[in-house]
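Let me begin by presenting the structure, written as structure tokens, before commenting on it.
Right under this line is the structure:
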């Protein structure tokens with residue numbers, strides 16, 4: 212059913228030092244794939260089209276996994292909208308186009324669940340794309356990710372490439388970004404509760420009402436699902452996906468309230484104080500649950516629960532993803 216990557220395949224992982232890319236590297240290593248190609252940002256700026264063109268012309272690559280992106284939480288998306296849309300559009304356009312020009316037939320693009328409308332029917336199916344208004348707090352980032360999906364889809368339609376996209380739920384795990392201002396909710400909460408425990412604080416304040424619901428997906432599960440999708444036989448993949456869609460949701464199929472997440476993090480970190488909610492801060496979309504029926508039909512299911520995924524060793528040095 213699954214045509215696994217050859218151990219001799221030459222695979223370029225873009226964004227290998229970030230949360231997503233580093234998990235991809237770990238998974239490829241476990242599979243015995245030796246010819247993994249990487250470049251740090253100082254060696255290859257993915258926003259520079261000429262540099263990207265030269266890279267692909269000089270390297271013989273069989274697969275591209277595009278995990279490079281500018282990412283962040285609600286605060287970062289609200290504060291730097293121009294940077295988020297420009298950086299992500301440029302990286303996607305350069306890598307996908309130059310991969311095609313160099314004759315690379317196989318590519319996997321990593322997107323985000325924020326591509327779906329703010330009030331999309333729950334759980335969100337792949338067919339919900341472009342059926343309503345996006346969440347305003349991260350619309351520029353979401354538009355860039357939608358563009359990446361459509362690039363893969365369009366190159367596949369016009370040139371017959373095997374370019375696919377996966378849309379992960381909210382990710383967390385080892386090597387996450389623990390900056391309080393610009394990180395996603397899981398690492399931000401872990402740092403808050405950990406520091407509150409060390410400082411002996413009586414209360415921890417969480418942004419929003421705590422009622423918004425999110426699905427959290429461990430990066431090691433994400434990596435395994437991603438490699439599973441890119442390894443699928445082309446005929447099977449084409450039979451399963453809907454017409455005019457190139458993307459597949461990947462996740463656990465279960466969501467929790469931010470309030471429940473905060474209580475779980477409090478327990479994992481050993482914090483004994485109270486939790487307060489700052490309702491003046493935005494919740495974001497009220498719910499973001501991905502429908503993962505298609506992924507299940509293609510033979511993959513999640514293995515890491517939220518409580519298990521939050522246990523050490525989660526904290527590690529954060530590197531930029533581009």
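Numbering (my numbering), first residue to last: 212 to 533. Don't be surprised by glycine CBs; every beta carbon is placed ideally from N, CA and C.
Task: Boundaries of the beta strand (DSSP E) in which residue 379 is found, first to last residue - done: 373-379
- [ ] Tell me whether residue 214 sits in a helix, a strand or coil according to DSSP, three-state version.
- [x] Any reading at residue 214 needs caution, since the residue's pLDDT is 45, under 50, leaving its predicted position unreliable; the model's value is listed next. The answer is coil: DSSP assigns residue 214 none of H, G, I, E or B.
Task: Environment of residue 240 [buried if 16+ CB atoms lie within 10 Å] - done: exposed
Open item on the list: Using the three-state DSSP reduction, which class does residue 247 fall into: helix, strand or coil?
Closed with: strand
Task: Range covered by the alpha helix (DSSP H) that runs through residue 439 - done: 430-442
TODO: For residue 434, collect the residues of the same chain with a Cβ closer than 6 Å to its Cβ; drop the 5 residues on either side in sequence, then sort them by chain order.
DONE: 234, 235 and 238
TODO: Inspect the beta-carbon positions of residue 224 and residue 251 and report whether they are closer than 9 Å.
DONE: no
Task: Under the three-state DSSP convention, the category residue 487 falls into - done: strand
Task: Contiguous alpha helix (DSSP H) assignments of at least 4 residues, all confined to the region 235-323 - done: 260-269, 285-290 and 292-312
TODO: Figure out for me which residue from 473, 349, 388 and 465 has the closest Cα to the Cα of residue 420.
DONE: 473
Task: Length of the line joining the Cα atoms of residue 359 and residue 300 - done: 7 Å
TODO: Starting from residue 366, trace the beta strand (DSSP E) both ways and give me its first and last residue.
DONE: Unbroken run through residue 366 is the alpha helix (DSSP H), 350-370; no beta strand (DSSP E).
Task: Endpoints, the alpha helix (DSSP H) within which residue 479 is located - done: 469-480
Task: C-beta contact flag for residue 348 and residue 497 at 9 Å - done: no
Open item on the list: Tell me the rounded alpha-carbon separation between residue 412 and residue 484.
Closed with: 7 Å
Open item on the list: Could you tell me the alpha carbon to alpha carbon distance between residue 429 and residue 266, rounded to whole angstroms?
Closed with: 31 Å
Task: Under 9 Å between C-beta atoms of residue 408 and residue 520 - done: no
Open item on the list: For the alpha helix (DSSP H) containing residue 326, name the first residue and the last one.
Closed with: Counting along the chain, residue 326 falls outside any alpha helix (DSSP H), and DSSP gives it neither H nor E.
- [ ] Kindly examine the ligand SAH and report whether one of its heavy atoms sits closer than 8 Å to the Cβ of residue 514.
- [x] With respect to the ligand SAH, the structure shown offers nothing to examine, as it has no ligands at all.
TODO: Please report the residue range of the alpha helix (DSSP H) in which residue 508 lies.
DONE: 504-508
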